[in-house]
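Student: Using this note's numbering, read the sequence shown as starting at 2 and increasing by one per residue. Backbone N, C-alpha and C define an ideal beta-carbon position, used for all residues, glycine too.
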Amino acid sequence: MIEISPPDARALARWFPTHSPGPATIGEHVLATGIGRWWGDRPVQPRAVAVSCAGHAVLRGSPEDLTPELLAPLAGNRVETPARFLPALGAAFDRLTPWERMVWTLQATPQPATVPRAVTVRRLEPADADAVRALGPDASWLSASWGGPRGLAASGHAWAAVGRTGRIQAVACTYFRGTGYEDVAVHTVLDHRRQHLALACVTSLCADITSRGHTPSWNCSLHNRASRLLAWNAGFRLVREYVHYAVGSPVAHHRLSA
């Protein structure tokens with residue numbers, strides 16, 4: 002697809018769902034932060050529009066004019082889209098894998114979470130950028146929606162369990178910030194799991210989100226039992242299920258012309 006300029010808020014509401022949990026928050030987050038990209042099948046008056054950020058994409062509109070070449074920029078993303086787009090996506094990529102997902106919202110009081118005395122749960126600050134970076138490649142996805150470790154640390158939307166040495170042991174953040182809902186993500190360092198650190202971070206983050214007048218939401222794989230259990234203990238309850246599609250590489254040109 003062709004990269005296009007960001008729409009205004011009214012145009013966003015026409016193309017994508019707003020004020021709802023789940024993938025709806027992606028477009029709102031990109032519009033608010035500028036982190037991500039907008040795509041259309043044509044530069045003026047597009048019939049199909051996509052927004053992508055941190056390996057996720059939402060695709061809406063009409064698939065009638067979409068060719069494999071136009072869809073190629075969405076390669077490697079997990080795409081949420083109506084079923085009418087699936088034939089076009091299937092023709093454009095060498096792999097189209099459905100992932101069953103669950104959307105939860107905060108509805109109950111969280112379970113208490115007591116952390117070790119040497120640990121402080123606090124909001125991340127710009128000076129914590131190096132500590133976020135030190136989490137390593139396994140946690141790089143966590144800051145991707147904020148443009149990297151520096152962006153996440155400075156976002157004001159992340160809470161971490163920090164040891165006396167300044168090392169982050171667990172962190173929870175708003176992954177996608179919508180106008181009504183903020184989607185929560187969490188990471189715990191491997192050797193600090195089972196210490197209630199993630200629950201403590203999520204609880205602090207959720208209190209912060211609700212103080213802004215927003216509702217915390219949670220998005221995870223149907224098969225991620227650990228994430229589902231953490232969500233439940235943090236007070237989240239299931240509201241709906243959906244499917245997004247992991248797309249692979251664009252089909253080879255010789256296959257397109259065969």
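1) Express the C-alpha separation of Arg134 and Leu206 in angstroms, rounding to a whole number.
2) Would you grab the beta carbon distance between Pro69 and Ala93 for me? Rounded to a whole angstrom, and I think it's under 8 Å.
3) If you drop the 5 nearest sequence neighbours on each side, which residues of the same chain put their C-beta closer than 7 Å to that of Ala201?
4) Between the C-alpha atoms of Pro150 and Ala130, what's the straight-line distance to the nearest angstrom?
5) Taking buried to mean at least 16 other C-beta atoms within 10 Å of its own C-beta, is Ser218 buried or exposed?
6) Tell me whether Ser250 is buried or exposed, calling it buried when 16 or more other Cβ atoms sit within 10 Å of its Cβ.
7) Determine which residues share a DSSP beta bridge with Val45 and list them.
8) Which same chain residues end up closer than 7 Å to Ala259 when comparing Cβ atoms and leaving out the 5 residues on each side of it in sequence?
9) May I have the straight-line CA-CA distance separating Leu198 from Thr82, to the nearest angstrom?
10) With Gly152 as the anchor, note down where its alpha helix (DSSP H) starts and where it stops.
11) Pro74: which of Glu4, Ser222, Gly152 sits nearest, CA to CA?
12) Could you check where the alpha helix (DSSP H) with Ala171 kicks off and where it finishes?
13) Give the DSSP-derived three-state secondary structure of Arg226 in the structure shown.
Tutor: Let me lay it out:
1) Their backbone Cα atoms lie some 20 Å apart in a straight line.
2) About 4 Å; that satisfies the 8 Å criterion.
3) Here the set comprises Ala114, Val116, Val122, Ala162.
4) Their Cα atoms are separated by approximately 5 Å.
5) Buried is the call here.
6) That one is exposed.
7) Per DSSP, none; premise fails for Val45.
8) Because the pLDDT of Ala259 is 46, which lies under 50, any placement of that residue in the model is unreliable, and the question is left without a value.
9) Each residue's CA atom was taken as its position, placing Leu198 and Thr82 some 35 Å apart.
10) First-last of the alpha helix (DSSP H) with Gly152: 150–155.
11) Nearest in C-alpha terms to Pro74, of all of Glu4, Ser222, Gly152, is Glu4.
12) For Ala171, no alpha helix (DSSP H) segment is defined; the enclosing uninterrupted segment is the beta strand (DSSP E) at 169–178.
13) Three-state result, Arg226: helix.
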